[in-house]
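Engineer:
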Amino acid sequence: MGENLDKREDGRTVVLGLEGTAWNLSSALVDEEDVIAEENATYVPAKGGIHPREAAQHHAEHMAPVVKAVLDAARRDGLAIDAVAFSQGPGLGPCLRTVATAARALSLRFGVPLVGVNHCIAHIEVGKWKTGATDPVVLYVSGGNSQVLALRRGRYRIFGETLDISVGNALDKFARQVGLPHPGGPKLEALAKSAKEYIPLPYVVKGMDLSFSGLSTAAAQAAKKHDLADVCSSFQETAFAMLVEVTERALAHAEKKEVLLVGGVGANSRLREMLNIMCEERGARFYVPEMRFMGDNGSMIAYTGLVMLKAGVTTSLAESRVRPGYRTDEVEVRWR
Amino acid sequence: MAEEIGRGAEAVITRDGDRVTKWRRPKGYRLKPLDDRIRRERTVMESRLISEARRCGVPTPIIFDVDNFSLTMEHIDGIKLKDVIDPALSEKAGELAGRLHACGIVHGDLTTSNMILKDGKIYFIDFGLAFHDHSLEAQGVDVHVFFQTVRSSHDSSEELVDAFLRGYARTYSRAGDVLKRVREIEGRGRYL
Ligand SMILES: Nc1ncnc2c1ncn2[C@@H]1O[C@H](COP(=O)(O)OP(=O)(O)O)[C@@H](O)[C@H]1O
Ligand SMILES: [Mg+2]
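As you go down the protein sequences, you meet chains A and B in turn.
Each step along the first sequence adds one to the number in my numbering, with nothing skipped, and position 236 is 220.
To convert, take the position in the second sequence, counting from 1, and add 281; that gives my numbering.
1. Give the straight-line distance between the Cα atoms of TYR472 (chain B) and ARG323 (chain B), rounded to the nearest whole angstrom.
2. Along the chain, where does the beta strand (DSSP E) that runs through GLY279 (chain A) open and close?
3. Could you give the distance in angstroms between the alpha-carbon of ALA383 (chain B) and the alpha-carbon of LEU172 (chain A)?
4. Measuring from the CB of ASP407 (chain B), is there a heavy atom of ligand 2 at a distance below 8 Å?
5. Going by DSSP, what residues sit across from TYR404 (chain B) in a beta bridge?
6. For TYR187 (chain A), return the contacting residues in chain B, with the cut-off set at a CB-CB distance below 9 Å.
7. Helix or strand or just coil, what does DSSP make of ARG269 (chain A)?
8. With C-beta atoms as the reference, is LEU194 (chain A) less than 9 Å away from VAL230 (chain A)?
9. CA-CA distance, THR5 (chain A) and ARG318 (chain A)?
10. Three or more beta-carbon pairs under 8 Å between the stretch 277 to 288 of chain A and the stretch 93 to 106 of chain A, yes or no?
11. Just mark PHE143 (chain A) as buried or exposed, buried being the case when its beta carbon has 16 or more other beta carbons within 10 Å.
12. Check the Cβ-Cβ distances between VAL228 (chain A) and every residue of chain B, and say whether any is below 9 Å.
13. Measuring alpha carbon to alpha carbon, tell me which of A:SER130, A:GLU17 and A:ALA30 ends up nearest LEU155 (chain A).
14. Within 9 Å of any Cβ in chain A, is that where the Cβ of TYR472 (chain B) sits?
15. In the DSSP assignment, what are the bridge partners of PHE70 (chain A)?
16. Assuming contact is defined by CB atoms lying nearer than 9 Å, are SER416 (chain B) and ALA238 (chain A) in contact in what I supplied?
17. To which residues of the same chain is ARG288 (chain B) closer than 6 Å at the C-beta, ignoring the five residues directly before and after it?
18. Which chain A residues are close to ARG323 (chain B), counting only those with a beta carbon under 8 Å from its beta carbon?
19. Report the residues of the stretch 282 to 311 of chain A with a CB closer than 8 Å to any CB of chain B, ordered along the chain.
20. So, with DSSP's three-state summary, where would you put MET(-15) (chain A)?
21. If we require 3 or more residues per run, which beta strand (DSSP E) segments fall completely within the stretch 31 to 83 of chain A?
22. Residues of chain B with CB closer than 8 Å to the CB of TYR27 (chain A), please, in chain order.
23. For SER11 (chain A), does the three-state DSSP call read helix, strand or coil?
24. Check whether the stretch 26 to 33 of chain A touches the stretch 91 to 104 of chain A, taking contact to mean three or more Cβ pairs, one atom from each stretch, closer than 8 Å.
25. Would you say GLY289 (chain B) lies against chain A (beta-carbon separation less than 9 Å)?
26. If we call anything under 9 Å between Cβ atoms a contact, is ALA378 (chain B) one with TYR453 (chain B)?
27. Do the CB positions of THR341 (chain B) and LYS363 (chain B) come within less than 9 Å of each other?
28. Does the CB of GLN429 (chain B) have a neighbour CB from chain A at under 9 Å?
29. Compare the beta carbon distance of VAL248 (chain A) and MET278 (chain A) with 9 Å and say whether it is the shorter of the two.
30. Span of the beta strand (DSSP E) holding ALA207 (chain A)?
31. Since GLY73 (chain A) and PRO308 (chain A) are thought to touch, with beta carbons under 8 Å apart, how far apart are those beta carbons, to the nearest angstrom?
32. For PHE408 (chain B) and VAL325 (chain B), I'd like the C-alpha separation in whole angstroms.
33. Going by other Cβ atoms of all chains shown within 10 Å of its Cβ, with 16 needed for buried, is ASP316 (chain B) buried or exposed?
34. Where do the N-terminal and C-terminal ends of the alpha helix (DSSP H) with ASN153 (chain A) fall, by residue?
35. Quick check on the DSSP output: the alpha helix (DSSP H) that includes ALA223 (chain A) runs from which residue to which?
36. For SER304 (chain A), which option in A:ASP66, A:GLN41 and A:VAL99 has the closest C-alpha, if you only look at C-alpha atoms?
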């Protein structure tokens, strides 16, 4: 792709990060202080949900320009790259492989270490970095995941999670069934604003675990008889109340005082409002990063790679195979 | 005068002599009709199943009174299992969970915050998410919830898990099948 970049001697660490576990391909360059550059390309399916191989194809096609944009930024600022971080999982196998292949090539080309990053942990780390939260209960909600986590003795422990599909997946499924165009989440939120009536839907909380598949089916059924705006609003109210409730359960059980919201579904303003109310009523502090750090982004991978690198955690080529089912609690957090 | 002695995720617990009142406070984040429904249903279920569990041989507080959103019950003057758990106690908790399941009751929130140790005896509390169910799935999720909190909150969690299972198998004949289901629940793909 190009020439080597010169090393700098100022003690600053610069890491290039690559994200591409699902819809979004993103590369970024960060240092200890901030994001230096980020470039994105988002896959949009012709119809229906995500097709893993199509998404991987999309990522492969856009890899060169997306990476070039941040390399150009590095060259412009005269920055040497100290490591290449990539999201190793969890995610869709074909997408992960495309990203890992590119990351390995970049690491060889610059002669710098590779850092395999857990995607979920990257969401949390960038959230802490950008909000100043120190020891939060984390609600992580996205197309692939719905989890409540907190750090205890060097690992992000899963306090609760969905027992079937993620909340983002449930939202998308329901949106498709009632004919809302992709992406369903924002359309649903907009429609919900004109709702007049609450329609009871299944509310399923088991300890700190959740289930959403019954809810999305029941909501699609309800949409045949009721006003769509009412169903959209009732869907949100029910699903989000479940999420807020398990977050509160984890707060109480872990005896923590902070909540951090991360993941793409966190863009929903009603969810943020509900979490904020819960935190106020409980005397906890609520943290939510800027929108650009909520969804999948290369900066979170680059930043997590940076803190891992500084703690001496790198990934050899032999260990760099992708991990589609990578669990958050498998990672030993040695950088805090 | 009643003083506040506990605050869980849902409820405020106040004590007046040897009685406590558990009041499920309104949650401002939930729409009122949904919030009222949940608080009412859970209060009713809790009062019923807490008494039923005792008849199945699981120590629970005696219920004195039920209102729309609150319960008055016996004060269990002990310490949360969360703060003292060890393998021997985990085994006892397993025995009680086995009895509960053998009786057709699923607790719904089987965590070490919802067990109180008093005079060497473990009491189960907080039956708001409990329901009647004999299915392996429901029992498996119940045990899974216990393991999940043990693993997220305690050290040497695998010892506690093993001890729990020993107790559970002693009082519940289908323990082996439930354990198989727990393994399956743990392994379910959570990604897309
Ligand atoms: N009968 C009781 N006797 C003594 N303490 C109790 C009793 N019931 C509840 N508590 C205390 O209050 C806390 C919260 O009660 P719980 O029923 O678990 O409510 P929540 O649903 O909010 O978790 C418990 O963890 C426990 O410390
Ligand atoms: Mg409780």
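Using N, Cα and C, we set each Cβ at its ideal position, and we do this for glycine too.
Quick caveat, the model's predicted, so the values are computed rather than measured.
Structural biologist: Judging by the given coordinates:
1. Mapped onto the second sequence, residue 472 (chain B) falls at position 191. Mapped onto the second sequence, residue 323 (chain B) falls at position 42. Confidence at TYR472 (chain B) is low in this model, with a pLDDT of 46, below 50, so its placement is unreliable and the value that follows should be read with caution. Near 31 Å, if we compare the C-alpha coordinates of ARG323 (chain B) and TYR472 (chain B).
2. Your numbering for residue 279 (chain A) matches position 295 in the first sequence. Where GLY279 (chain A) is concerned, there is no enclosing beta strand (DSSP E), given that its DSSP letter is neither H nor E.
3. Here residue 383 (chain B) refers to the residue found at position 102 of the second sequence. Here residue 172 (chain A) refers to the residue found at position 188 of the first sequence. Put simply, the backbone Cα of ALA383 (chain B) is about 44 Å away from that of LEU172 (chain A).
4. Position 126 of the second sequence holds residue 407 (chain B). The answer is yes for ASP407 (chain B).
5. Stepping through the second sequence from its first residue, residue 404 (chain B) is reached at position 123. In the DSSP output, where bridge partners are listed per residue, TYR404 (chain B) has B:ILE397.
6. Here residue 187 (chain A) corresponds to residue number 203 of the first sequence, with the count starting at 1. Residues of chain B passing the Cβ test: LEU315, ARG318 and ILE319.
7. Within the first sequence, numbered from 1, the residue matching residue 269 (chain A) stands at position 285. Of the three classes helix, strand and coil, the one that applies to ARG269 (chain A) here is strand, per DSSP.
8. Counting from one through the first sequence, the residue named residue 194 (chain A) turns up at place 210. Counting from one through the first sequence, the residue named residue 230 (chain A) turns up at place 246. In this structure, VAL230 (chain A) lies closer than 9 Å to LEU194 (chain A) by Cβ.
9. Position 21 of the first sequence holds residue 5 (chain A). Position 334 of the first sequence holds residue 318 (chain A). Each residue's Cα considered, the two are about 24 Å apart.
10. yes
11. Sequence index remark: in the first sequence, residue 143 (chain A) carries index 159 (1-based). Buried.
12. As a working mapping, residue 228 (chain A) is identified with position 244 in the first sequence. Yes, because at least one Cβ of chain B sits closer than 9 Å to the Cβ of VAL228 (chain A).
13. Walking along the first sequence from the start, residue 155 (chain A) turns up at place 171. For the residues A:SER130, A:GLU17 and A:ALA30, the minimum Cα distance to LEU155 (chain A) belongs to A:SER130.
14. On the second sequence, position 191 is the one that residue 472 (chain B) refers to. Model confidence at TYR472 (chain B) stands at a pLDDT of 46, short of 50, so the residue's coordinates are unreliable; what they give is reported in the following sentence. By this cut-off, TYR472 (chain B) is an interface position.
15. Here the question's residue 70 (chain A) lines up with position 86 in the first sequence. BP columns for PHE70 (chain A) point to A:LEU2 and A:GLY100.
16. Locating residue 416 (chain B) in the second sequence gives position 135, counting from the first residue. Locating residue 238 (chain A) in the first sequence gives position 254, counting from the first residue. No. Outside cutoff.
17. For the purposes of this step, residue 288 (chain B) is identified with residue 7 of the second sequence, where counting begins at 1. Taken in chain order, the list of residues that qualify is empty.
18. Numbered from its first residue, the second sequence carries residue 323 (chain B) at position 42. ARG323 (chain B) does not reach chain A, its nearest Cβ partner there being about 10 Å away, counting only Cβ pairs nearer than 8 Å.
19. Flagged, chain order: PRO308 and GLY309.
20. Along the first sequence, read from residue 1 onward, the residue named residue -15 (chain A) stands at position 1. Note that MET(-15) (chain A) scores 38 on pLDDT, short of 50, meaning its location in the model is unreliable; the coordinates nonetheless yield the value given after this. Correct three-state label for MET(-15) (chain A): coil.
21. 67 to 73
22. Start at 1 with the first residue of the first sequence, and residue 27 (chain A) comes out as number 43. Here the premise fails: no neighbours, minimum Cβ distance about 14 Å.
23. Reading the first sequence from its first residue, position 27 is the one you call residue 11 (chain A). In this structure, SER11 (chain A) counts as strand in the three-state DSSP scheme.
24. no
25. Counting from 1 along the second sequence, the entry for residue 289 (chain B) is found at position 8. For GLY289 (chain B), the answer is yes, since a Cβ of chain A falls inside 9 Å of its Cβ.
26. Within the second sequence, residue 378 (chain B) is the residue found at index 97, counting from 1. Within the second sequence, residue 453 (chain B) is the residue found at index 172, counting from 1. Yes.
27. One-based indexing of the second sequence puts residue 341 (chain B) at position 60. One-based indexing of the second sequence puts residue 363 (chain B) at position 82. No Cβ-Cβ contact shorter than 9 Å links THR341 (chain B) with LYS363 (chain B).
28. The residue you call residue 429 (chain B) lines up with position 148 of the second sequence. Judged by the 9 Å Cβ criterion, GLN429 (chain B) is in contact with chain A.
29. The count along the first sequence starts at 1 and reaches residue 248 (chain A) at position 264. The count along the first sequence starts at 1 and reaches residue 278 (chain A) at position 294. Before going on, a small fix: residue 248 (chain A) reads as Gly here, not Val. Against a cut-off of 9 Å, the Cβ pair of MET278 (chain A) and GLY248 (chain A) comes out as a contact.
30. Position 223 of the first sequence holds residue 207 (chain A). Note, ALA207 (chain A): premise wrong, no beta strand (DSSP E); not H, not E.
31. Working through the first sequence from its first residue, we reach residue 73 (chain A) at position 89. Working through the first sequence from its first residue, we reach residue 308 (chain A) at position 324. At roughly 5 Å, the Cβ-Cβ gap stays under 8 Å, so GLY73 (chain A) and PRO308 (chain A) are in contact.
32. Translated into the one-based positions of the second sequence, residue 408 (chain B) becomes position 127. Translated into the one-based positions of the second sequence, residue 325 (chain B) becomes position 44. Each residue's Cα considered, the two are about 10 Å apart.
33. Counting from 1 along the second sequence, the entry for residue 316 (chain B) is found at position 35. Result: buried.
34. Here residue 153 (chain A) refers to the residue found at position 169 when the first sequence is read from its first residue. Note, ASN153 (chain A): alpha helix (DSSP H), 151 to 161.
35. For the purposes of this step, residue 223 (chain A) is identified with residue 239 of the first sequence, where counting begins at 1. ALA223 (chain A) -> alpha helix (DSSP H) spans 212 to 238.
36. Position 320 of the first sequence, counting from 1, holds the residue named residue 304 (chain A). SER304 (chain A) has its Cα closest to that of A:VAL99, out of A:ASP66, A:GLN41 and A:VAL99.
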